[in-house]
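Input: a single structure, listed below in structure tokens.
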Amino acid sequence: MTIAEVPQTETMVTLTIDGAAVTVPEGSTVLDACSAAGIDTPTLCYAENLTPVNACRVCVVEQEGSRTLVPSCSRQAEPDMEIKTDTERVRHSRKMVLEFLGSGVDLSQADQLHGWMDHYGAEPDRYGSDAIRINEDVKIQDSLYIRDYDKCVLCYKCVEACGDDAQMTFAIAVSGRGFDARISTEFDVTLPDSACVYCGNCVGVCPTGAIQFKTEYDLREADDWRPEEQSVTQTVCSYCGVGCNLELHVQDEKIVKVTSPADHSVTHGHLCIKGRFGWTYVQPTIERRP
Amino acid sequence: MFGAGGGTVSYKEIEETDVILLWGSNAREAHPIFFHHLMQGLQNGARMYAVDPRRTSSAKFADLWLGLELGSDVALANTVANYIVNNDLHNKAFIEHSTSGFDAYVDSLAEYTLERGEELTGVPAAAIAEMARTYATAETAQILWTLGITEHHNAVDNVLALCNLALLTGHVGRWGSGLVPLRGQNNVQGGGDMGALPNKLPGFQNVSDPDHRAKFEAVYGRPIPPEEGLHLTLMFEAMERGEITAAYVIGENPADSEADIAHARKLLRGLDLLVVQDIFLTRTAELADVVLPASVGWAECEGTVTSSERRVQRVRAAVPPPGLARHDQDILRDLAHAMGYVEWGNPSSEDLWEELRSLSPMHGGMTYARLESESGLQWPCPDLDHPGSPFLHGWLWEDDLGGRAGAPFSPVVAQGPKEELTEEFPLRLTTGRALDSYNTGVQSGSMESPIRYGNALDMNPADADRLQLSDGETVKVTSPRGTVDMPIRIQPDIPVGLTFTTFHFPELVDTNLLTNDAWDKRSGTAEFKAAAIRVDKLVGAAS
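Protein chains in written order, with the working numbering: chain A, 8 to 297; chain B, 721 to 1263.
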């Protein structure tokens, strides 16, 4: 009889990025290879805990022999591939993508993009103030989430997290076409009336603040959201025995948000309603701040 | 099982397994993030059978739902086993090499033919046969269970019946295959690992073993009583006999959580001294002579907890405790000092963990630094070079079992629920959890939830029709032990004759006034899953 071992796969692939050889495990993406080479790449619709959907095109790179630029987040690294990440063509394309996204959408809370917009000199305002906007009220339908579709870039991350990448609830999807396309519940019913189970995994992956925890929204509205002063402590959820890792975001000695590390083997960044919102009992009900 | 109490597999394995038997578990709601791993397994092609009297939200993900009669789990497992043996689908090499007691086990299965199985369980014979064949012939397969197996008067028989199936087919001790009791609390595994069991010292070392005791006595500098202690249910019986007159309750709310709660509260009130250490003034704390306010373990303290896959992970203080609340270990230290045990000193959480590492071989390699850098470690992890153990019982597959006896088959006999249905109490009541709430609501009660429906009695439309009840109507629910008023919720997913409720809101609906405290002498767990009830219209109520 033989002992069944834990399966191991470690075939390596070597490619060239910006003239230097990079070796990564088979199955890695070009983006993984860029990261391994210490090259920072802008991303928006990509998340390490979701299947790439190739929606935003901000991570494109030039591949030798390819007519078009390729999305690095989904293109698999292949032996002898030649990749260039900082050519004029790449820089120009990334700048245009950021400008198109920013011209019709409120990116004020898309923190991960602000540095890249400066880097590539993107000026969304040059498309004029009449660039198309949704211009609708923030949807506040319950005590846990808000939805502000003026901030939505249709990156599909929330749909993926709600659907077959994690939660399998399928409460939201893209409805409509073209300029009318937007994320919606079935028949646009309110979230409490939809299939939503309030795991918050859509909020966890949203890169622009279009879906937001109510706690964060309220603090932002009160001009009191101060991420630079927040501490983040990793601990374990107090409910069932699965052992989900929580990151407690604390401001003024109060928990203001709960996330989970995307690279943890237990959660892959995803939580349930109890882990995400079940911390309220820790907090004194009396407001501590004067 | 087979010596150490813990699930035999890692979560990752269910993503790669071929067949899943989800038995008495609604993991979709009770263990949602584990269910993410399970659903990845389904996407990767696993076939799932859900065994549950209710067609739960988990069962809706299954290829086949086996809606057995409540409490007929042993009958179903034995029928599956009988089918496997009769069709020559058992793993003969594994049985011969790695198990013992096979012949007696086979003899015990004789009466559980498919026909008899269908009669006892209400599950069609074809469905039983399909599950048996698929499980037995799979390359890898897992059986998962939770309280649907263990909250019965014959809980241990239920668990043994499932372990027998794994031994019969060799579905244990290999990557992808195993036996998985999902844990209901964030550190119920760790509590057992740390020796919070009446017969164990930390690391599942035996109180009855003089060598094990000597090891601890050398460090503690005190003799350790050789007698095994009492588990919770036996403690209540000892209170009843007047043998226990004082209780120190830490982080438990038995005045809400015990079955036949009126009786349990009476016993707690009758104590000479009740000390309660908790983060809230729970119903139990309200009965106490002394209340010691504790801080929140996972957000205000340093320490570790252990999960269902035996992963030890760090918890950390993120916020300061309110008012006079203090870390449990500081309260215990001060008590020890007050009792004259000054050698306790003033250890930090890490100091205590280092002592544990020196005494419990299965934790030997788990330093705080490693727990931090390796995102937790799975026991056993005996030394600093050991990577931790993704699955248990690999030794069953080694050519040389190292002098160990094989894993034993345990013949078990089917018994129904203790409380039979009568003309007076014709409906079956079972209890469980809802996605957005937790146990007696001490933690989850203050959480706002848009999907909360409160405590309602789920009932099949046919039963509601017969009793002339409408959805949402408040009714009187009576068991041989008590009566509560609660609304009904008409649910097509619950079979005729069965009702279901949670116990998350004891201040609104005292569900455990109804539940049966008949319990398993071996596990100490009461039969929360099966009571007999009657449902009556409220007299004079406008419906």
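Cβ atoms here follow ideal geometry from the backbone N, Cα and C, with glycine treated the same way.
Thinking C-beta only, is residue 1258 of chain B closer than 8 Å to residue 1194 of chain B? yes
Using a Cβ-Cβ distance cut-off of 8 Å, determine whether residue 139 of chain A contacts chain B. no
Could you say if the stretch 993-1001 of chain B and the stretch 967-981 of chain B meet the contact criterion of at least three C-beta pairs nearer than 8 Å? yes
Would you mind sorting residue 139 of chain A into buried or exposed? The rule is 16 or more other CB atoms within 10 Å of its CB. exposed
Does any C-beta atom of chain B lie closer than 8 Å to the C-beta of residue 274 of chain A? yes
Quick one: list the residues of chain B neighbouring residue 278 of chain A, beta-carbon separation under 7 Å, in chain order. 753
According to DSSP, what are the bridge partners of residue 1257 of chain B? B/1195
Note down, one range per segment and in chain order, each beta strand (DSSP E) of at least 3 residues found wholly within the stretch 168-237 of chain A. 179-182, 189-192 and 218-220
Can residue 896 of chain B and residue 736 of chain B be called in contact, C-beta distance under 8 Å? yes
For residue 990 of chain B, does the count of other Cβ atoms within 10 angstroms reach 16, so buried, or fall short, so exposed? exposed
Closer than 9 Å at the beta carbon, the chain A residues around residue 914 of chain B: Those within 9 Å of residue 914 of chain B in chain A number zero; the least Cβ separation is about 15 Å.
When DSSP labels each residue in this structure, what does residue 1241 of chain B get in the three-state scheme? coil
Using the C-alpha atoms, what's the distance from residue 241 of chain A back to residue 269 of chain A? 12 Å
In chain order, what residues of the same chain have a beta carbon less than 8 Å from the beta carbon of residue 1072 of chain B, not counting five sequence neighbours either side? 1049
Helix, strand or coil for residue 1248 of chain B per DSSP? coil
Cβ pair residue 102 of chain A, residue 128 of chain A closer than 8 Å: yes
Taking residue 754 of chain B and residue 902 of chain B to be in contact with their CB atoms under 8 Å, please state how far apart those CB atoms are, rounded to whole angstroms. 6 Å
Where the beta strand (DSSP E) through residue 28 of chain A begins and ends: 27-32
Name, please, each residue of chain A whose Cβ falls closer than 7 Å to the Cβ of residue 759 of chain B. 175
When the distance is taken between beta carbons, is residue 1201 of chain B closer than 8 Å to residue 1233 of chain B? yes
Which one of B/978, B/1026, B/1027 and B/781 has the shortest CA to CA distance from residue 1003 of chain B? B/978
Mind pulling the alpha helix (DSSP H) runs of 4 or more residues that sit fully within the stretch 1073-1120 of chain B? 1088-1093
Whole-Å CB distance - residue 769 of chain B paired with residue 786 of chain B, under 8 Å assumed: 6 Å
DSSP three-state call for residue 998 of chain B: helix, strand or coil? strand
Quick one: is residue 1168 of chain B near chain A, going by C-beta distance under 8 Å? yes
Any beta carbon from chain B within less than 8 Å of residue 285 of chain A's own beta carbon? yes
So the alpha helix (DSSP H) residue 905 of chain B belongs to, where does it begin and stop? Run containing residue 905 of chain B: none; DSSP gives neither H nor E here.
Taking a contact to mean a Cβ-Cβ separation below 8 Å, would you say residue 917 of chain B touches residue 932 of chain B in this structure? no
Helix, strand or coil at residue 920 of chain B according to DSSP, with G and I counted as helix: strand
Measuring only between beta-carbons, confirm whether residue 191 of chain A sits less than 8 Å from chain B. no
Ends of the alpha helix (DSSP H) at residue 812 of chain B? 812-818
Given residue 1140 of chain B as reference, the closest of B/774, B/791, B/734 and B/776 once Cα atoms are compared: B/791
What's the gap between the Cα of residue 1094 of chain B and the Cα of residue 1100 of chain B? 15 Å
Which two residues bound the contiguous alpha helix (DSSP H) that contains residue 246 of chain A? Note, residue 246 of chain A: premise wrong, no alpha helix (DSSP H); not H, not E.
Which chain B residues are close to residue 252 of chain A, counting only those with a beta carbon under 9 Å from its beta carbon? 1033, 1095 and 1096
Closer than 8 Å between beta carbons: that is the criterion. Which residues of the stretch 194-227 of chain A meet it against chain B? 198, 199, 203, 204, 205 and 206
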